[in-house]
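Top to bottom, those sequences are chains H and F.
Remember, my numbering sits 1 above the position in the first sequence when you count from 1.
Numbering follows my numbering, with no gaps: position 56 of the second sequence is 54.
We put the beta carbon where it would ideally sit given N, CA and C, even for glycine.
First the structure, in the form of structure tokens, and then the observations on it.
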Amino acid sequence: EAQVTQNPRYLITVTGKKLTVTCSQNMNHEYMSWYRQDPGLGLRQIYYSMNVEVTDKGDVPEGYKVSRKEKRNFPLILESPSPNQTSLYFCASSPRQGVSTEAFFGQGTRLTVV
Amino acid sequence: GESVGLHLPTLSVQEGDNSIINCAYSNSASDYFIWYKQESGKGPQFIIDIRSNMDKRQGQRVTVLLNKTVKHLSLQIAATQPGDSAVYFCAETPGSGNTGKLIFGQGTTLQVKP
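Put into structure tokens, the structure is as follows:
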């Protein structure tokens, strides 16, 4: 089944404890991206990747890191999480080369930082 | 600055009626405009997109209209069904071509009354 898989689905952590949210797609898509969703603010793009070893900042990259060492995986790293990073996170991938529009989204990761 | 907004946070329609969800955008140079549907507890799902050189595009039961003169985008759903109940987001790719960036509006909740 074609899908974007995020792990974990739920995570509660403490301020300052490094964490990684994994994202994997099995559709051989070149484009991948991370978003956070907050009430009243909609979805905001954190980082995106047009291809392996190519990453760029979205609108809210502060406090996050990403890497794209292989096509299928695009992990989101929070080196020192803070409470304002409590949010619902989505990973997405897109089938057309370099095109972000027709994106397939994962099920989301709900992160709480206390 | 760049922003994508929706006119109404909530839209309630009778089952079988047509629904029209509106969106205003501010970036004249955006190349693609996209509609996503998000059901409760799930990630957004691509519905349809339209390129800036078009003013209308039709899919299955959905039509997207683009009015660049007034920077307005709309999604029309024909014969609305209970399964259409969800939050609908418009989004745009700022800048010419597709840079990989994606900016979302805040969302309109569509409620379908039986």
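For a quick check, are the C-beta atoms of Leu73 (chain F) and Tyr86 (chain F) less than 8 Å apart?
yes
Any beta carbon from chain A within less than 8 Å of Asp39 (chain H)'s own beta carbon?
In the displayed structure, chain A is absent; the protein chains listed are H and F.
So which of F:Tyr30, F:Gln36, F:Ser10 and F:Ile18 has the shortest CA-CA distance to Gln104 (chain F)?
F:Gln36
Leaving out five residues before and five after Thr78 (chain F) in sequence, what residues of the same chain have Cβ atoms less than 6 Å from its Cβ?
Scanning its chain for C-beta atoms nearer than 6 Å, with the 5 sequence neighbours on each side dropped, one finds around Thr78 (chain F) the residues Val11, Asp15, Ser17 and Val110, in chain order.
Tell me the start and end of each unbroken beta strand (DSSP E) in the stretch 27 to 108 of chain F that is at least 3 residues and wholly inside, in chain order.
30 to 36, 43 to 49, 54 to 56, 60 to 65, 70 to 75 and 84 to 91
What are the residues of the stretch 27 to 38 of chain H that lie near chain F, defined by any Cβ-Cβ distance shorter than 9 Å?
Cβ contacts with chain F: Tyr32, Ser34, Tyr36 and Gln38.
Determine which residues share a DSSP beta bridge with Arg111 (chain H) and list them.
In the DSSP output, where bridge partners are listed per residue, Arg111 (chain H) has H:Tyr11 and H:Leu89.
Hey, Phe44 (chain F) and Glu103 (chain H) are a contact pair by Cβ (cut 8 Å); roughly how many whole angstroms apart?
At roughly 5 Å, the Cβ-Cβ gap stays under 8 Å, so Phe44 (chain F) and Glu103 (chain H) are in contact.
Leaving out the 5 sequence neighbours to the left and right, which residues in its chain are closer than 6 Å to Asn8 (chain H) when beta-carbon positions are compared?
Thr23
Can you confirm whether Tyr65 (chain H), when its beta carbon is compared against all beta carbons of chain F, has any partner nearer than 8 Å?
no
Residues in its own chain within less than 6 Å of Glu2 (chain H) by CB, not counting five upstream and five downstream?
none
Given this structure, state the Cα-to-Cα distance separating Lys56 (chain F) from Glu90 (chain F), to the nearest angstrom.
A quick correction: the sequence has Gln, not Lys, at residue 56 (chain F). About 18 Å.
Find the nearest neighbour of Leu112 (chain H) within the set H:Leu12, H:Val5 and H:Thr6, judged by alpha-carbon distance.
Sorting H:Leu12, H:Val5 and H:Thr6 by C-alpha distance to the C-alpha of Leu112 (chain H) places H:Leu12 at the top.
Starting from the Cα of Leu63 (chain F), find the closest Cα among F:Thr107, F:Cys21 and F:Leu9 and give me that residue.
The shortest CA-to-CA distance from Leu63 (chain F) to any of F:Thr107, F:Cys21 and F:Leu9 is the one to F:Cys21.
In terms of alpha-carbon separation, which member of H:Lys72, H:Leu42, H:Leu20 and H:Arg45 lies closest to Thr121 (chain H)?
Coverage of chain H is limited to positions 2 through 115, which leaves residue 121 (chain H) absent and any answer about it impossible.
With a cut-off of 8 Å on the beta carbons, I'd call Gly41 (chain F) and Gly41 (chain H) a contact; round off their distance for me.
Rounded, the Cβ-Cβ distance is 19 Å, inconsistent with contact.
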